[in-house]
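What follows is one structure encoded as structure tokens, with my remarks underneath.
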Amino acid sequence: MDSLRPVRHIIIIGAGIGGLACALALSRELTPFVPDLKITVYERHDILSTSGGAINLTPVAQRHLAQLGVLDELNRMGPEGGAEVDAIELYSMRSGRSIGSIDFVDHRGNGYGGFKGRRVMRIVLSMAMMTIVERSPTVDIVFGKKVVNGEEINNKAVVHFEDGTKAIGDLVVGCDGVHSVVRSRWVDPDTPSQYTGMSFLQANIPSEDISSPIHFRSSALNVSRHGSMLTSFCDSDCKQIFAAAVVQFSQEDLNFYRLEAGQDWATQHQIRAALRNEMRDRFGKCAMPCIREMVNSKADWMLYPVYQVRPGGPWCTDRVILLGDAAHAMPPRDESAAYALDDAIIFARILAKHRSEPLTEVFDTYERLRRDKINYAFRESHRMWDRNRDMGILEGRLKEWMMPLYLRSYRDQREAAWEFDASKITIPSPAPSEDLVSLHSFLKEQTL
Ligand SMILES: Cc1cc2nc3c(=O)[nH]c(=O)nc-3n(C[C@H](O)[C@H](O)[C@H](O)COP(=O)(O)OP(=O)(O)OC[C@H]3O[C@@H](n4cnc5c(N)ncnc54)[C@H](O)[C@@H]3O)c2cc1C
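Numbering-wise (my numbering), the sequence shown opens with residue 40 and increments by one.
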């Protein structure tokens, strides 16, 4: 009988975008039905991580952040709350010419359903989400708690932490990112994270350090045959430029270029200089003078290897479910964070509607709604990322020529995707219980 009661204590692992969104969405959906609801988020870091540069939020991500109350908080933060993005303009680094754009506004300049794109520092987004979480009386966040394992005993989920302590809940939601321990030690040890062969090289550059004209309005993807480089303002005053190159890097090179705690000063200096050289070798001959300035500057380029999790494996056990990157990390497109937000909102709505059902039915309903969409998104992100691999002169030219065609042919699909609203999609009703079905058949027989 226990499994048929609504869950009261929910444990979320990871205070990233997915974990915090999940806490907010579950609190909002379940509070009216579960008076003694308790949601605890456990995060392995002692404080919110300041690394990770800036993130692009699509109209879908903005819509969902607005529903969770986070967008108002970002707007209240002033210029630091991020730069509005009408379009990501695409340029050829070889010729300097425009080759199209990914638009976040329609032909009248309006955002989709009222929402455009936004580029914001990851730490600023996390702070805005934390502010809303702190106002929620049902949610607690505990920092400095690294999960190492978990098990299910007597209809409860037990989470074990590195410090030897444990937490017990009715349901565990694993939002612990691409290298998820909840996945690898509990739900699905057979699906490891894999290096994609591609990495980001990122830096923040003050606009005042660049004297050449800036060729983009708010955001640009500058493509070449040696990888692409994103350049974007990440504050509404346009004082900071976030630059991120997407480049091919072998696994062996990764080991050489990795900055790690405990390395001596000389090694760190050598790695930083090598990364600067890498940027100059790849993009130093770019046709846009402002990009040449950026790559020739003293900026410290940080290396972020990109990992993925193939979405074919199981996402749940009886009392645990994986959401966000823990379930399906894909080479990041601008939509990746939006998928983590969608997961959180859809899962919370299903759990509220199926609150009297066993968790296994809740999980089944979630999978039926999500699996195909995620598989498709994963395949698409791969197709897109392949275009950033190093290529020869002819292939590079072909990529440039094909780009406008590709952008045009997927335009309708993109625009339809920007309209997606996880709070409006239909959640299937629970199947009637066997008792109800037999009562219904009995009454039918009596009337015949
Ligand atoms: C370089 C890069 C650039 C990106 N750019 C974009 C972009 O522009 N737009 C976009 O939409 N997406 C982007 N993405 C993807 C996006 O960041 C992810 O899809 C999104 O962060 C997923 O959220 P998540 O909560 O599932 O995981 P994460 O954000 O990774 O959060 C996981 C959390 O779990 C915690 N954790 C991990 N292990 C444990 C443990 N054992 N115990 C307790 N806590 C743990 C972590 O510390 C972290 O706080 C980018 C990704 C990368 C790598």
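Virtual Cβ for every residue (Gly too), placed ideally from N, Cα, C.
Predicted, not measured: the structure shown is a model, and the values here were computed from it.
| query | result |
| --- | --- |
| Integer-rounded CB distance, given that I138 should sit under 8 Å from P328 | Between I138 and P328 the Cβ distance is about 18 Å, and since that is not below 8 Å, they are no contact. |
| F417 vs M341 beta-carbon contact at 9 Å | no |
| beta-carbon A365 near ligand 1 non-hydrogen atom, thresh 8 Å | yes |
| The region 379–395 / the region 427–439 touching (three or more Cβ pairs under 8 Å) | no |
| Close Cβ partners of A326 (< 7 Å) along its chain, the five nearest in sequence each way excluded | M132, R133, S134, G135 |
| Straight-line gap, A338 to S250 (C-alpha atoms, nearest Å) | 15 Å |
| Closer than 8 Å: E396 CB and nearest ligand 1 heavy atom | no |
| Near ligand 3: T230 beta-carbon under 8 Å from a heavy atom | Only ligand 1 can be found as ligands here, which leaves ligand 3 out of the picture. |
| Classification of L433 by the beta-carbon crowding that lies within 10 angstroms, buried from 16 upward | exposed |
| For P176, the nearest candidate out of D75, A300, Q452, L408 (CA to CA) | D75 |
| Contact test: D179 Cβ vs ligand 1 heavy atom, cutoff 8 Å | no |
| Cα-Cα separation between R174 and D403, rounded to whole angstroms | 32 Å |
| G266 Cβ short of 8 Å to ligand 1 heavy atom set | no |
| Beta-ladder partner(s) of G189, from DSSP | V198 |
| Rounded C-alpha distance that separates E201 from V186 | 6 Å |
| Reduced DSSP secondary structure (H/G/I, E/B, other) of F72 | coil |
| Assigned exposure category for L107 - 16 Cβ within 10 Å defines buried | buried |
| Unbroken alpha helix (DSSP H) run spanning G236, endpoints | Element bounds for G236: not the alpha helix (DSSP H) but the beta strand (DSSP E), 233–245. |
| Three-way DSSP call (helix, strand, coil) for M116 in this model | coil |
| Member of H48, D215, S336, F239 whose CA lies at the smallest distance from the CA of D209 | H48 |
| Unbroken alpha helix (DSSP H) run spanning L444, endpoints | 432–448 |
| Residue from C61, S165, F143 whose Cα sits closest to the Cα of I86 | S165 |
| DSSP state of H414 mapped onto helix, strand, coil | Note on identity: in this sequence residue 414 is Asn, with His being the wrong assignment. DSSP places N414 in helix when its eight states are reduced to three. |
| Euclidean distance between Cα positions of S90 and T170 | 19 Å |
| Cβ distance (whole Å) where E191 is taken to contact D357 below 8 Å | 6 Å |
| Segment limits, beta strand (DSSP E) that includes T79 | 77–81 |
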